[in-house]
Amino acid sequence: MDRKILLSVLTGALLAFIGIWMLLSAFPDERAGIRLYPWDVSRAPSGQLQAFGLTLGESTLADLRALLGEEGKLNLFAETRPDAPDRDFTVEAYFDNILLSNLKADWVVSLAVPQDQLAGMYDRGLRASKLASGSRKVVLDPDDAAPLAEAPIRSITYLPWKSLRPEDIVGRFGEPERQLTEKRGVVHWLYPDQGLDIARDTDGGVVIQYLNPADFERALQPLEAAKAAS
């Protein structure tokens, strides 16, 4: 390549970089100063869990989108239980590769939507696929997805990218009230008062669930049943 052309290309690239840097300096990231950590958990006067500046059962998907700066991906799940004739429906919003307060994690948020409303959305779904678990995942019609912005958040599942040692968990969240170990070696660190279930696998990978009291008890039941069976 001709030397003059090469210098021209390099100069153009440098000017473009400087322009982008100046633009970012003029419009700083409003989320850069957020300090909301996964171990900062409290209870509202109503008893509902509060985490990341959100209140489960009150804060909406729109509130979460504003916090994370992302729209997320919505999916509807339908599960058929052997002991019930009807399907169980859940709708979730998935956010991947989120950097908040200098911590990187994926988020899965369950929304509080009545079952009959979700059943209608399932029937109007654009595309369905069967998962390995036997449940079905449905892509929502945009007309059904849009109003979900105002749906309350039911639970938050937080998946940090960084592995944690037991001493890391105790140092940030305190000693758990109890622990339950699954057959496959996953240990659940349970904090009923805080509404936290921290599941840690043998490699240090962690999944943190934030749940209101009633949902915490429901989530605990299959763990208790599996422990009793073993």
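First residue of the sequence shown: 287, per my numbering; consecutive thereafter. Glycine included, each C-beta is placed from N, C-alpha and C at the ideal position. These numbers were taken from a predicted model, which means no experiment stands behind them.
Next item on the list: With Val425 as the anchor, note down where its beta strand (DSSP E) starts and where it stops.
Entry: It spans Arg422 to Val425 - the beta strand (DSSP E) in which Val425 sits, taken as one unbroken run.
Notebook entry, point to check: Buried or exposed: where does Leu293 fall if 16 or more other Cβ atoms within 10 Å of its Cβ makes it buried?
Noted result: The predicted position of Leu293 is uncertain, since its pLDDT is 41 and thus under 50; a value taken from the coordinates is nonetheless stated next. Exposed: under 16 other Cβ atoms inside 10 Å.
Check: Alpha carbon to alpha carbon, how far is Ala330 from Lys423?
Finding: Approximately 33 Å between the Cα atoms of the pair.
Check: Are there 16 or more other CB atoms within 10 angstroms of the CB of Arg486, so buried, or fewer, so exposed?
Finding: Buried.
Notebook entry, point to check: According to DSSP, what are the bridge partners of Thr488?
Noted result: Thr488 pairs with nothing; no bridge assigned.
Item checked: Classification of Asp479 by the beta-carbon crowding that lies within 10 angstroms, buried from 16 upward -> Exposed, because fewer than 16 other Cβ atoms sit within 10 Å of the Cβ of Asp479.
Next item on the list: Determine the closest residue to Leu354 out of Pro324, Thr346 and Leu386, with distance taken between C-alpha atoms.
Entry: Comparing Cα-Cα distances from Leu354 to each of Pro324, Thr346 and Leu386, the minimum goes to Leu386.
Margin query: Judging by CA-CA distance, which residue of Lys416, Thr443 and Met407 is the nearest neighbour of Pro433?
Written below: The option with the nearest alpha carbon to Pro433 is Met407.
Next item on the list: Please go through the same chain and pick out, in chain order, the residues whose beta-carbon is closer than 6 Å to the beta-carbon of Val472, but skip the five residues on each side of it.
Entry: Cβ within range, chain order: Ala485 and Asp487.
Next item on the list: Examine the ligand PLP and report whether any of its heavy atoms sits within less than 7 Å of the Cβ of Ala337.
Entry: The ligand PLP is not among the ligands present in this structure, which contains no ligands whatsoever.
Margin query: Let me check one thing: in DSSP terms, what residues is Tyr380 bridge-paired to?
Written below: Lys359 and Val394.
Margin query: The beta strand (DSSP E) that contains Leu353, what's its start and end?
Written below: Boundaries for Leu353: no beta strand (DSSP E) harbours it, while the alpha helix (DSSP H) harbouring it runs Leu347 to Leu354, taken from the DSSP string.
Checklist line | Distance between beta carbons of Asp326 and Ala337, contact taken as under 8 Å | finding: Right, the Cβ-Cβ distance comes to about 7 Å (below 8 Å), so this counts as a contact.
Notebook entry, point to check: Taking buried to mean at least 16 other C-beta atoms within 10 Å of its own C-beta, is Pro508 buried or exposed?
Noted result: The residue is exposed, with fewer than 16 neighbouring Cβ atoms inside 10 Å.
Check: Does the Cβ-Cβ distance between Pro438 and Glu344 come in under 8 Å?
Finding: Yes, the Cβ-Cβ distance between Pro438 and Glu344 is below 8 Å.
Checklist line | Inter-residue spacing [alpha-carbon to alpha-carbon] between Arg464 and Asp429 | finding: Straight-line Cα distance between these residues: approximately 44 Å.
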